[in-house]
Amino acid sequence: MNKKAKYIFVTGGVSSSLGKGIISASLAKLLQGRGFSVTIQKLDPYINVDPGTLNPYEHGECYVTEDGAETDLDLGHYERFSSTPTSQANNVTTGRIYQTVINKERKGEYLGTTVQVIPHITDEIKHSVKILGETGDYDFVITEIGGTVGDIESFPFVETVRQMKWELGHDCAVVHLTLVPYLKAAGELKTKPTQHSVKTMLEQGVQPDIIVCRTERPLNVGIKTKIAQFCNVTPDSVIESIDAETIYDVPILMREEKLDIAVLEKTRTKIPKKLDLTNWEQFLKRLKNPKHEIDIALVGKYVELKDAYKSINESFVHGGSANECKVNIRLIHSEQITASTAKKLLKNVDGILVAPGFGGRGIEGKIEAVRYARENSIPFLGICLGMQCAAIEFSRNVLGHPEAHTTEINSKTTFPVIDLMEEQKEIKDMGGTMRLGSYECILDKNSKSFEVYQKDLISERHRHRFEFNNKYRELFEASGMRLAGINPKEDLVEIIELVDHPWFVGVQFHPEYKSTVRYPHPLFVGFIKAAIDYKDKN
Ligand code: GLN
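Count along the sequence shown from 1, add 925, and you get the number used in our numbering.
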């Protein structure tokens, strides 16, 4: 398929958090609905080489792609909306750009010239945008630029957009997202901040082609005309983006506002007649007309920040819709759970999910939450550290080894049920010991997991260092914990399941990264179903 890609840039002005990621993903969905193939990329202006080392409090969750890149959480939205896998190439930071340029400079690749922001940094940015288009796989590459125009650190990115627009002409368009605030005292929507942010772009040589206006109230024709006139775009290029009930309404709202048509016209692309969003609409219909309602406890230590468990929350939305069920998430701080508070905090929930995480803070609370789920036959899903806690809890309270632990937290434990692999121990000092990205797993045909996946070979994404210690495999199996999934290549335990429990599944991988609107993740679908059954019975 040798496609010639057109490039769409999505920039933001006035304020951060306007939802550039959702607008980009919605545009991709609409273009897909018209039969185009699309990929979405995020350029982040910060100096970290990737978000892998960022604290979730700082930047929300770190999203992991198939190829094991640790990326910005917006890539999660891209995949959830478009079901097209992303990769390292879809997330580039200023840090990575500089690292590449400096490495080239050290190797002498610039042949003695002075290395500068323009052209060297901007060329490198351009290269990392075009690399996706040049695969020949896409009709459109949508590139979201993080931050807000006018920021010092965004400048090289906006300059790159200017150059690409100049080079590519109609094969390139810029969608600028701004805020149109409503001033209560004046009783009016205000366009001035939008005018100013477009002016800032003009100072940097970029005229946006389409202006998407985030607003709490509908924009009337007068406001749209005013924005068009003062920002120098055609009236049908001013798109209203009104606050939505759910992010999943945005593609539908953008269809009504004809964002896709505006983009196709600007890029002189022939407009296919049909726009097929049938699956999406069915998903929304189920989501908004639930027949069931359940409460799930999400036990983790990053509960203060709503984006820290983004993909898990969204997986519940997808799996909830599949079950025609409204899923209420009750975020519970693991540090608050103890043997004496567990009952009070966890009573009345229909399922317990113990979240992924790093480090020791709150881990005893997570282990208590597992115990509560096991002893009270409440549906349980443990993800990564959550699965490791399930293994620790089982060792302590069923196998009778109160000293059991993961060596991540207690390196001297005499019952290291979770430990580094031997090979890892040797390379530990050299770093890079994290198992990242996609790995295969073979399922036991008698397991709950097999029941939900309906196949025996699966592949799931990972982000962890520690593993179930193979030394304890026989003991676990003999005592009622099924090792339901095994990584065939490295012979590692990927899934554990309590045999004598209605639904108790711990997974070493992260199913939440692969759940999309189109393909809700089977483990979430199964977990929610088990929680509905539990609620019906109690
Ligand atoms: N801290 C654990 C490990 O590194 C689990 C990581 C996670 O939950 N993502 O193995």
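Heads up, the beta-carbon is just placed ideally off N, CA and C, and yes, glycines get one too. In this text, all values refer to a predicted model and were calculated from it rather than measured experimentally.
Determine the direct distance from the alpha carbon of residue 1313 to that of residue 1114, and round the result to whole angstroms. 52 Å
Residue burial classification, residue 1110 (beta-carbon count within 10 angstroms, cutoff 16): exposed
Do residue 1458 and residue 1407 have their C-beta atoms closer together than 8 Å? no
Suppose you measure from the CA of residue 1450 to the CA of residue 1290; what does that come to, to the nearest Å? 26 Å
Return helix, strand or coil for residue 1452, following the three-state DSSP convention. helix
For residue 1281, is the beta carbon positioned less than 7 Å from some heavy atom of the ligand GLN? yes
Residue interval of the beta strand (DSSP E) (run including residue 1183): Taken as a continuous stretch (DSSP letters only), residue 1183 belongs to no beta strand (DSSP E), as it is neither H nor E.
Suppose contacts are defined by Cβ-Cβ distances below 8 Å. Is residue 1419 in contact with residue 1430 by that definition? no
Quick one: is the Cβ of residue 1002 within less than 7 Å of any heavy atom of the ligand GLN? no
Hey, how far is the Cα of residue 1378 from the Cα of residue 1321? 30 Å
Does the distance between the C-beta of residue 1114 and the nearest non-hydrogen atom of the ligand GLN fall short of 7 Å? no
Identify, in the order they occur along the chain, each residue of the same chain with its Cβ nearer than 7 Å to the Cβ of residue 1356, setting aside the five sequence neighbours on each side. Reliability of the predicted coordinates at residue 1356 is poor, the pLDDT of 49 falling under 50, and no value is obtained from them.
Using beta-carbon positions only, say whether residue 966 and residue 927 come within less than 8 Å of one another. no
Taking 8 Å as the cut-off, does the region 1162-1175 touch the region 1207-1227 (at least 3 CB pairs, one atom from each stretch)? yes
Grab the span of the beta strand (DSSP E) containing residue 1024 for me, first residue to last. It is not in any beta strand (DSSP E) - residue 1024 instead sits in the alpha helix (DSSP H) that spans 1019-1031.
Any chance the CB of residue 1021 is under 7 Å from a heavy atom of the ligand GLN? no
Any alpha helix (DSSP H) of 4 or more consecutive residues that is wholly inside the region 952-1016: 981-984 and 999-1007
With a CB to CB cut of under 7 Å and the five nearest residues on each side skipped, what residues in its chain are close to residue 1093? 932
Cross-strand partners of residue 1140 (DSSP beta bridge): 1167
Buried or exposed: residue 1461, going by 16 or more other Cβ atoms within 10 Å of its Cβ? exposed
Are there 16 or more other CB atoms within 10 angstroms of the CB of residue 935, so buried, or fewer, so exposed? buried
I need the boundaries of the beta strand (DSSP E) containing residue 1406, first residue and last residue. 1406-1412
Please indicate yes or no: does the CB of residue 1391 lie closer than 7 Å to some heavy atom of the ligand GLN? yes
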